[in-house]
Amino acid sequence: MYNFTEHTPSMVALLKQLVEAESPSTDKAGVDRVGALVARECRRLGAGVKLHPQTTVGDLVEAHWGEGRDSILLLAHMDTVHPIGMLERMPFREIDGHIVGPGVEDMKGGIVVALAAISALVEMHQVPVRPVTAFFTSDEEIGSPASRPLIEALARQSALVLVLEPAMPDGAVKTWRKGVGDFVVKVHGRAAHAGSDHQLGRNAIEELARQILVIQKLTDYDKGPPSTWALFARDCN
């Protein structure tokens, strides 16, 4: 039997390394530092590791134990919403039995949980018959623009996908999540002289404000948690 309690210090130590490697989605160098730590741990556990280089976001890390289709896919992301410097205001520390720090819960803790589970299976020589794939993305917090195609491709080859986002406060596993809707609003205005022909003009900013309110009204709390509406405005004068 694998005793996770005995391995808690090493798990906390790894979590500390990951958290102190600050990794906001838009900081490629920071996310790549986390990716290097994750790749190192996967190789230590006997995985074949493949890096998917990216230009604007951090490189994606794909690790495999075994080969073939119908795998068990573990998904985790390495980026956080916290900007560089947050560590100074929110250092990694333990308070009343709880560890806090930028990205501890979402979702560097999930990365540690995944690696600890695999470590236990390796140590007990009980790696599943099915191949196991772990995919660590770098852009989840900004909508996964780079990683989505690979996520979808790996998912199609898998019999089971486990996303290692934090559980509910009572420990329940999340089985679904709200969606994201993107709207591109093209606004056209008409220029006019502010002094003599003001009435002939059309204010594009005013129309954009109206459209924002229309989109906002699509939120329906009676249907459950609201989606996150991301509005992108484009100047089309």
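According to this note's numbering, the residues represented by the sequence shown are 727 to 963, in order. Don't be surprised by glycine CBs; every beta carbon is placed ideally from N, CA and C. Model, not experiment: these values are computed from the prediction.
With 16 other Cβ atoms within 10 Å as the buried cut-off, status of residue i
| i | result |
| --- | --- |
| glutamate 932 | exposed |
| methionine 727 | exposed |
| methionine 833 | buried |
| tryptophan 902 | exposed |
| alanine 956 | Note that alanine 956 scores 49 on pLDDT, short of 50, meaning its location in the model is unreliable and no value can be drawn from it. |
| serine 854 | Residue identity check: residue 854 is proline in the sequence provided, not serine. Per the 10 Å Cβ criterion, exposed. |
| methionine 850 | exposed |
| alanine 872 | buried |
| glycine 921 | exposed |
| serine 736 | exposed |
| tyrosine 947 | exposed |
| leucine 890 | buried |
| leucine 939 | exposed |
| histidine 924 | exposed |
| valine 913 | buried |
| leucine 944 | exposed |
| valine 830 | buried |
| glycine 827 | buried |
| leucine 741 | buried |
| glutamate 732 | exposed |
Residues bridged to residue i (per DSSP)
| i | result |
| --- | --- |
| threonine 859 | His790, Leu799 |
| glycine 774 | His790 |
| isoleucine 825 | Glu820 |
| threonine 731 | The partner list for threonine 731 (beta bridge, DSSP) is empty, contrary to what the question assumes. |
| valine 807 | Answer by DSSP bridge pairing: none, since valine 807 is not bridged. |
| proline 750 | Thr806 |
Enclosing alpha helix (DSSP H) for residue i [first to last residue]
| i | result |
| --- | --- |
| serine 736 | 734–746 |
| serine 845 | 835–849 |
| leucine 886 | Where leucine 886 is concerned, there is no enclosing alpha helix (DSSP H), although the beta strand (DSSP E) it sits in stretches over 884–889. |
| methionine 941 | The sequence shown places isoleucine at residue 941, not methionine. First-last of the alpha helix (DSSP H) with isoleucine 941: 930–942. |
| arginine 916 | Counting along the chain, arginine 916 falls outside any alpha helix (DSSP H), and DSSP gives it neither H nor E. |
| leucine 813 | 812–815 |
Extent of the continuous beta strand (DSSP E) to which residue i belongs
| i | result |
| --- | --- |
| arginine 819 | 819–821 |
Residue-level contact to chain D via CB, residue i, 8 Å cutoff
| i | result |
| --- | --- |
| aspartate 948 | Of the protein chains in the structure, only one exists, and it is not chain D. |
Check whether residue i and residue j have beta carbons under 8 Å apart
| i | j | result |
| --- | --- | --- |
| glutamine 937 | valine 910 | no |
| isoleucine 798 | serine 864 | no |
| proline 857 | glycine 792 | yes |
| alanine 917 | glycine 927 | yes |
| histidine 790 | threonine 734 | no |
| phenylalanine 861 | leucine 880 | yes |
| glycine 915 | alanine 935 | no |
| valine 738 | isoleucine 825 | yes |
| glycine 869 | isoleucine 810 | no |
| glutamate 867 | valine 807 | yes |
- Would the segment 830–837 and the segment 795–805 be scored as touching if the rule is three or more Cβ pairs under 8 Å? Output reads yes: the segment 795–805 touches the segment 830–837.
- Query: Quick one: any contact between the segment 783–796 and the segment 871–883, if contact means 3 or more CB pairs under 8 Å?
  - Reply: Note that the segment 783–796 touches the segment 871–883; at least 3 beta-carbon pairs, one per stretch, sit closer than 8 Å.
- Report yes or no: do the segment 752–761 and the segment 839–851 share at least 3 C-beta pairs separated by less than 8 Å? no
- Query: Does the segment 735–749 come within contact of the segment 757–766, defined as at least 3 CB pairs closer than 8 Å?
  - Reply: Contact holds: three or more Cβ-Cβ distances are below 8 Å.
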